[in-house]
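*Asks:* Numbered by this note's numbering, the letters in the sequence shown go through residues 22 to 985 in order.
Just passing along the structure, written as structure tokens.
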Amino acid sequence: MVEFSREKEMVFCIPAEKEKGIVRIAEKVAKDVETVAGCCPLVTGERGLYEQGILALSADKGEVSLWLEKQFPALAKVRGKREVYGFFLADRPVLGIENCLVIYGSDRLGTIYGLFHLSEILGVSPCHYWGDVKAPSYEKVFLCSTEDEEKLQNKEKQLCLSVPEQPRISKEPSVKYRGFFINDEWPCFGNWTFSHFGGFTAEMYDKVFEYLLRMKGNYLWPAMWTSSFLVDGPGMQSMELADSYGIYIGMSHHEPCMRSSEEWDMVKGEKYGRDWSYLSNREGLLEYWKDGLLRSRGHHVFPTIGMRGERDSKMMGEASVADNIRVLKDILTDQRTLIREYLQEEEEIPQLFAVYKEVEDYYFGDNQAEGLEHFEELEGVTLLLCEDNFGNMRALPKEEERSRKGGFGMYYHLDYHGGPVSYEWVASVPLTKIWEQMTEAYAYGVRELWIVNVGDLKFQEYPLNYFMEMAYDFDTWGSAHPESPKAYTEKWVQQQFGPETSPEERNSIKNVVEEYIRLNHLRRPESCSSEVYHPVHYREGSRMRKRCEELEETNERLREALKGRRCEEAYYSMVYYPAAASANLLQMHLYAGFNHLYARQGKAIANLMGEKMEQCIERDEALAQEMAAFAEGKWAGMEMALHIGFTNWNSEDWRYPVRHVLRLPQTPRLVVSRWDEEAHFTNQYFPTPLVIEDFLEENSKEVGLEIANGGQGEICWEIKETCDWLLFSEKEGKTALQDCVLLTVDREKLSGEEKTCTFYVVAGEEKVPVCVRAKREELPALPGHTAISRKGIFAIDAVNYAEKKAGDYKGEAAEYGLLTDFGKYGSGMKVFPVTAAFDGDLHAPSLTYELWSRSAGKGRLRLFTSPANPLMYGGELRVGISCNAGEIQKLVLTDSRYKGGDNDCAAWERAVLNQEHVAEMEISLQEGLNRITVYAGEAGIVLERLVVLEGDAEMEDSYLGTEK
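Here it is in structure tokens:
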């Protein structure tokens with residue numbers, strides 16, 4: 022047993038020489054111990070006599086490691102492994118330490134992960150710096166056996182942690198290289214680091230490296246917009262620090278041979294030439310790359326090879342695919358020769374070639390030229406694939422490629438600066454999306470390297486932590502666990518806030534963090550506007566306002582409840598600010614939409630909506646100022662991202678919503694409308710009635726009638742000349758703005774014959790007639806999953822199927838599985854295993870949906886799916902559709918012209934902005950029960966919703982569509 026307290030001395034023993042990185046980490050962990058238990062252990066490499074200590078070292082580090090393996094044979098299991106560690110208690114494991122915690126790593130990173138494992142079990146979060154998470158505090162902390170733990174339990178202000186007395190060996194990481202990319206770093210990260218650290222310095226990068234290592238990462242792409250990692254340390258200080266920790270430093274997809282993009286502008290000229298062109302300046306570029314490699318020799322680097330144009334543009338403009346392939350082959354050959362000659366030492370240097378954007382075309386080639394796919398100079402190179410920059414996989418490895426030497430990597434995005442519209446503000450990628458896409462990548466053999474673009478790093482704590490956890494331990498968080506996002510969120514909230522919060526509070530925190538990201542993913546904040554969510558169709562605007570209001574209420578309640586607690590700052594930093602700012606921003610756009618509609622309707626409430634929109638703009642600015650001042654300005658600069666009303670792919674010409682101000686008549690004026698339609702009705706010499714036919718259908722339960730004032734003062738209104746079967750929530754009232762009356766019917770007083778009731782909304786001398794038609798509709802007894810139309814529209818979420826059948830994929834069963842809390846409509850159905858692909862025929866997995874039609878006739882089926890891309894280069898996405906056991910027809914979601922990630926592809930841009938594909942086909946409906954079967958086609962598609970339109974029925978303009 023070992024004890025951390027002010028009463029007992031504790032030492033960290035780091036016996037191996039030349040382990041500066043391990044010593045630095047031990048010093049950080051000693052500070053963690055001091056935070057938790059009040060004592061700061063001495064970190065030493067000197068032998069001595071100690072009552073208790075922590076022994077941390079790596080295998081193959083001299084006599085001590087050999088002695089340990091002899092004493093504890095199980096430790097031999099770490100030898101030859103990557104980044105694993107043994108963690109156990111022992112009495113007198115080496116001469117001079119009586120009671121000891123032993124941390125024995127297979128290599129430098131293994132030892133570092135073991136040290137940070139100690140921090141984690143003590144309650145120190147990986148987000149302790151970046152998320153302002155304060156660790157709990159105790160008078161004493163014991164690391165002890167299970168037997169001793171029982172004796173020490175239930176004493177105040179002390180913590181007992183059970184640690185095995187025989188070596189427990191950690192797992193090898195699931196993905197070999199795991200890390201993130203600091204990108205798009207201006208204005209936020211750049212201003213922050215210059216004001217706090219004087220630039221992109223080693224002092225700043227030590228904070229980044231520590232965060233990476235606490236998340237068990239080992240790979241980094243440093244910031245590159247205006248900085249050069251190997252220069253700005255100053256000099257090589259940042260690189261040397263990374264070396265000491267065992268972290269691999271790479272460069273982004275367009276920065277070859279360890280040369281930062283910005284370096285070229287600094288050094289181009291007499292020595293290297295001025296053109297960033299292999300055709301016109303080959304010798305200059307080769308010399309430039311050679312010097313970059315020589316500078317990196319002996320360091321922990323992972324060079325990128327290949328070439329793009331300056332500032333991450335196309336290398337040769339609009340040259341042919343064949344010309345680009347020819348030049349790239351020459352470039353790759355030269356670069357690999359340079360690496361072998363000037364960088365390679367005894368160990369083979371890992372190298373990366375990014376199959377990014379148009380490079381995908383060069384990799385696969387076309388009918389005029391063979392691509393780079395089988396080019397011999399790429400043997401042993403890690404091929405970095407990329408999704409479409411919006412989180413949707415593109416072409417993934419074919420089965421025969423998955424075991425290639427060098428393997429495959431994936432470049433994923435939590436942030437993106439590019440078309441159709443950038444998203445760089447706060448978190449907007451739900452964990453369910455990360456799980457669905459990265460498990461797909463892993464299943465296709467992408468296991469060598471995972472790198473994620475985190476933008477400014479701040480405000481991405483929650484999704485980044487999950488991404489890194491999955492990369493490290495895919496067995497726990499990956500394909501075998503569809504509930505992984507929910508389970509991880511609970512774990513994450515417990516880790517950051519657990520010691521000082523109740524289960525109810527933690528559940529509320531979970532709801533806040535999930536909901537704000539959910540809202541941001543529905544429509545990215547930068548591309549949102551007053552035109553996205555319709556104010557009244559399907560009551561979309563009101564539904565979204567309610568979600569925002571509930572989020573704001575919970576968020577504010579939690580902030581107030583957590584004041585004065587240790588976790589107050591962590592909640593503000595990681596949850597409160599991004600959630601409050603996100604809900605407020607969406608409210609601004611929603612109020613603008615209502616302002617515009619009500620202005621067209623001539624309602625006085627338009628001006629109130631405009632005022633609320635202005636209040637949201639002011640609050641947006643106030644929240645940013647508060648974030649800048651938080652924690653004495655610790656994160657000042659990180660609040661500077663522009664995020665409102667992008668009219669371009671970037672922030673150029675961004676604008677606030679337009680505010681309409683009505684000059685109101687001096688006297689009140691009656692305006693009547695439905696709560697779900699734009700049409701409005703006023704007092705007229707030849708009156709036009711508002712006609713309501715919803716109650717002709719049994720499944721229509723209520724209609725909202727908005728009675729509004731279109732002038733100054735107040736209107737006093739009443740409802741006259743009603744009938745006994747029509748019910749009103751109110752029959753009279755007074756308002757300066759708008760009242761809402763709910764209409765329902767007493768169906769016991771109706772028959773199968775249509776009835777009509779015309780009543781009047783009266784305000785003084787003004788009146789508006791309202792004509793309501795209704796009847797009792799006798800529906801047959803139907804199963805609960807059977808859809809019934811409303812106004813000629815059936816809406817069925819994909820999860821509400823009547824029947825599910827498995828298919829056969831290479832002799833094994835494949836079937837649709839449920840994705841909860843997913844996508845635009847809250848759930849989805851996807852075929853598992855995810856590598857299973859079919860032709861949309863009878864052998865494919867299928868889902869059957871049932872709907873009951875009041876009459877026979879033509880219909881249109883609209884299928885709504887995730888915005889997936891074909892997982893085969895140049896492929897399509899299709900499913901098979903059969904209606905009432907008829908012939909299976911192919912429904913095409915994306916055809917051969919579709920190119921994910923290509924800004925010249927309007928269909929792709931529409932899909933990623935709207936978060937869905939929509940495909941339509943004609944079907945024939947029979948009176949009564951109909952069965953529509955969807956047969957799986959190409960892999961990667963998530964079914965989300967089916968909508969069937971009868972006859973000439975059409976959906977109203979909206980973003981989310983009708984409710985199911």
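By construction, the Cβ of each residue, glycine as well, lies at the ideal position given by its N, Cα and C atoms.
Hey, how far is the Cα of G427 from the Cα of L359?
*Replies:* As a first step, residue 427 must be located in the sequence shown, where it is residue number 406. As a first step, residue 359 must be located in the sequence shown, where it is residue number 338. Here the alpha carbon of G427 sits roughly 19 Å from the alpha carbon of L359.
*Asks:* Which parts of the region 865 to 944 are runs of the beta strand (DSSP E), unbroken and 3 residues or longer, counting only runs that do not cross its ends?
*Replies:* 867 to 874, 878 to 886, 898 to 904 and 910 to 915
*Asks:* With a cut-off of 8 Å on the beta carbons, I'd call G666 and W656 a contact; round off their distance for me.
*Replies:* As a first step, residue 666 must be located in the sequence shown, where it is residue number 645. As a first step, residue 656 must be located in the sequence shown, where it is residue number 635. At roughly 24 Å, the Cβ-Cβ gap does not stay under 8 Å, so G666 and W656 are not in contact.
*Asks:* Just to confirm, is the Cβ distance from N671 to D436 under 9 Å?
*Replies:* Numbered from 1 along the sequence shown, position 650 holds the residue referred to as residue 671. Numbered from 1 along the sequence shown, position 415 holds the residue referred to as residue 436. No; because the gap between Cβ atoms is not below 9 Å, this pair is not in contact.
*Asks:* Tell me which residues share the same chain as Y619 and place their Cβ nearer than 7 Å to its Cβ, disregarding the 5 neighbours each side in the sequence.
*Replies:* Taking the first residue of the sequence shown as position 1, residue 619 is located at position 598. For Y619, where only same-chain residues beyond five positions count, the Cβ hits under 7 Å are I626, A627 and M630.
*Asks:* Does the beta-carbon of D916 have 16 or more other beta-carbons within 10 angstroms, so that it is buried, or is it exposed?
*Replies:* Along the sequence shown, read from residue 1 onward, the residue named residue 916 stands at position 895. Answer is exposed; the Cβ neighbour count stays below 16.
*Asks:* How would you label V184, buried or exposed, when you count the other beta carbons within 10 angstroms and need 16 or more for buried?
*Replies:* Numbered from its first residue, the sequence shown carries residue 184 at position 163. When all chains shown are included, V184 counts as buried.
*Asks:* Could you pull the start and end residues of the alpha helix (DSSP H) that Y598 belongs to?
*Replies:* On the sequence shown, position 577 is the one that residue 598 refers to. Start and end: Y598 to Q622.
*Asks:* Helix, strand or coil for C209, going by three-state DSSP, please let me know.
*Replies:* Here residue 209 is taken as the residue at index 188 of the sequence shown, counted from 1. C209 falls in the helix class under three-state DSSP.
*Asks:* Quick test of the definition: if touching needs 3 or more C-beta pairs under 8 Å, does the region 719 to 730 touch the region 764 to 772?
*Replies:* yes
*Asks:* Could you name the residues of the same chain whose beta carbon sits closer than 6 Å to that of E751, not counting the 5 residues immediately before and after it, in chain order?
*Replies:* Position 730 of the sequence shown holds residue 751. Same-chain partners within the cutoff: V762.
*Asks:* Near C34, what residues of its chain come up, given a Cβ to Cβ distance below 6 Å and the 5 sequence neighbours on each side ignored?
*Replies:* Start at 1 with the first residue of the sequence shown, and residue 34 comes out as number 13. Counting only Cβ-Cβ distances below 6 Å, and skipping sequence neighbours, we find G74 and L76.
*Asks:* With 16 as the cutoff for other CB atoms within 10 Å, does W746 come out buried or exposed?
*Replies:* Taking the first residue of the sequence shown as 1, we reach residue 746 at position 725. Answer is buried; the Cβ neighbour count reaches 16.
*Asks:* Can you list, in chain order, the residues of its chain with a C-beta nearer than 7 Å to that of P710? Leave out the 5 residues immediately preceding and following it.
*Replies:* Translated into the one-based positions of the sequence shown, residue 710 becomes position 689. Counting only Cβ-Cβ distances below 7 Å, and skipping sequence neighbours, we find T779, P790, V791 and C792.
*Asks:* Note down, in chain order, each residue of its chain lying with its Cβ closer than 8 Å to the Cβ of T354, except the 5 sequence neighbours on either side.
*Replies:* Your numbering for residue 354 matches position 333 in the sequence shown. For T354, where only same-chain residues beyond five positions count, the Cβ hits under 8 Å are E398.
*Asks:* From the DSSP output, read off the bridge partner residues of K161.
*Replies:* As a first step, residue 161 must be located in the sequence shown, where it is residue number 140. Answer is S26 and Q179.
*Asks:* Alpha carbon to alpha carbon, how far is T777 from R560?
*Replies:* For the purposes of this step, residue 777 is taken as residue 756 along the sequence shown, with counting starting at 1. For the purposes of this step, residue 560 is taken as residue 539 along the sequence shown, with counting starting at 1. Rounded to the nearest angstrom, the two C-alpha atoms are 25 Å apart.
*Asks:* Look up E727 in the DSSP assignment and say whether it is helix, strand or coil.
*Replies:* Position 706 of the sequence shown holds residue 727. The answer is strand: DSSP assigns E727 an E or B state.
*Asks:* Verify whether the separation of the beta carbon atoms of R57 and V196 is less than 9 Å.
*Replies:* Taking the first residue of the sequence shown as 1, we reach residue 57 at position 36. Taking the first residue of the sequence shown as 1, we reach residue 196 at position 175. The question names Arg, but residue 57 is Val in the sequence shown. It is not a contact, given that the beta carbons lie outside the stated cut-off.
*Asks:* With a threshold of 16 other CB atoms inside 10 Å of the CB of A416, please say whether the residue is buried or exposed.
*Replies:* One-based indexing of the sequence shown puts residue 416 at position 395. With 16 or more other Cβ atoms within 10 Å, it is buried.
*Asks:* Out of W471, A582, R564 and I902, state which residue places its alpha-carbon closest to the alpha-carbon of T522.
*Replies:* Taking the first residue of the sequence shown as 1, we reach residue 522 at position 501. Considering only alpha carbons, the answer is A582.
*Asks:* Can you name the start and end residues of the beta strand (DSSP E) that E787 belongs to?
*Replies:* For this step, residue 787 is matched to residue 766 along the sequence shown. Residues E787 to A795.
*Asks:* Looking at C-alpha atoms only, which residue of M634, F25, L663 and L364 is the closest neighbour of N120?
*Replies:* The residue you call residue 120 lines up with position 99 of the sequence shown. Residue F25 is the option with its Cα nearest to N120.
*Asks:* What's the C-alpha gap between N474 and L970?
*Replies:* Position 453 of the sequence shown, counting from 1, holds the residue named residue 474. Position 949 of the sequence shown, counting from 1, holds the residue named residue 970. The straight-line gap separating the alpha-carbon atoms of N474 and L970 is approximately 41 Å.
*Asks:* Report whether the distance from the Cβ of A111 to the nearest heavy atom of the ligand FAD is below 8 Å.
*Replies:* The model on display carries no ligand, and the ligand FAD is accordingly not part of it.
*Asks:* Whose C-beta lies closer than 6 Å to the C-beta of D999 among residues of the same chain, with five residues either side of it excluded?
*Replies:* A query on residue 999 cannot be resolved here, the shown segment of the chain reaching from 22 to 985 and no further.
*Asks:* Between the Cα of L82 and those of A37, R68 and C148, spot the shortest distance and give me the residue it belongs to.
*Replies:* Here residue 82 corresponds to residue number 61 of the sequence shown, with the count starting at 1. Sequence inspection shows Lys at residue 82; the Leu mentioned does not correspond to that position. Comparing Cα-Cα distances from K82 to each of A37, R68 and C148, the minimum goes to A37.
*Asks:* Label K879 either buried or exposed according to how many other C-beta atoms from any shown protein chain fall within 10 Å of its C-beta, with 16 as the threshold for buried.
*Replies:* To locate residue 879, count along the sequence shown from 1; it is residue 858. Under this definition K879 is an exposed residue.
*Asks:* Out of curiosity, what's the CA-to-CA distance linking A492 and V467?
*Replies:* Position 471 of the sequence shown, counted from the first residue, corresponds to residue 492. Position 446 of the sequence shown, counted from the first residue, corresponds to residue 467. For the pair A492 and V467, the Cα-to-Cα distance works out to about 11 Å.
*Asks:* For my contact list, V968 and I814 are in at a C-beta cut-off of 8 Å; report their separation, rounded to the angstrom.
*Replies:* The sequence position of residue 968 within the sequence shown is 947, counting from 1. The sequence position of residue 814 within the sequence shown is 793, counting from 1. Indeed, because the Cβ distance is near 7 Å, the residues count as touching under 8 Å.
*Asks:* Exposed or buried, which one is A816 when buried takes at least 16 other CB atoms within 10 Å?
*Replies:* What you label residue 816 is simply residue 795 of the sequence shown in a count that begins at 1. So A816 ends up on the buried side.
*Asks:* Quickly, what does DSSP pair G784 with across the bridge? List them, please.
*Replies:* For the purposes of this step, residue 784 is taken as residue 763 along the sequence shown, with counting starting at 1. Reading off the sequence, residue 784 comes out as Ala, not Gly. In the DSSP assignment, the residues bridged to A784 are E787.
*Asks:* In chain order, what residues of the same chain have a beta carbon less than 7 Å from the beta carbon of T841, not counting five sequence neighbours either side?
*Replies:* Within the sequence shown, residue 841 is the residue found at index 820, counting from 1. Around T841: S848.
*Asks:* Helix, strand or coil: how does DSSP classify H502 here?
*Replies:* Position 481 of the sequence shown holds residue 502. Three-state result, H502: coil.
*Asks:* Throw me the rounded Cβ distance for the Y3 and L393 pair, which I believe falls under 8 Å.
*Replies:* Residue 3 lies beyond the stretch modelled for the chain, which goes from 22 to 985, so this question has no answer here.
*Asks:* What distance in whole Å lies between the Cβ atoms of I728 and V782, which are believed to be in contact at a cut-off of 8 Å?
*Replies:* For the purposes of this step, residue 782 is identified with residue 761 of the sequence shown, where counting begins at 1. For the purposes of this step, residue 728 is identified with residue 707 of the sequence shown, where counting begins at 1. Right, the Cβ-Cβ distance comes to about 6 Å (below 8 Å), so this counts as a contact.
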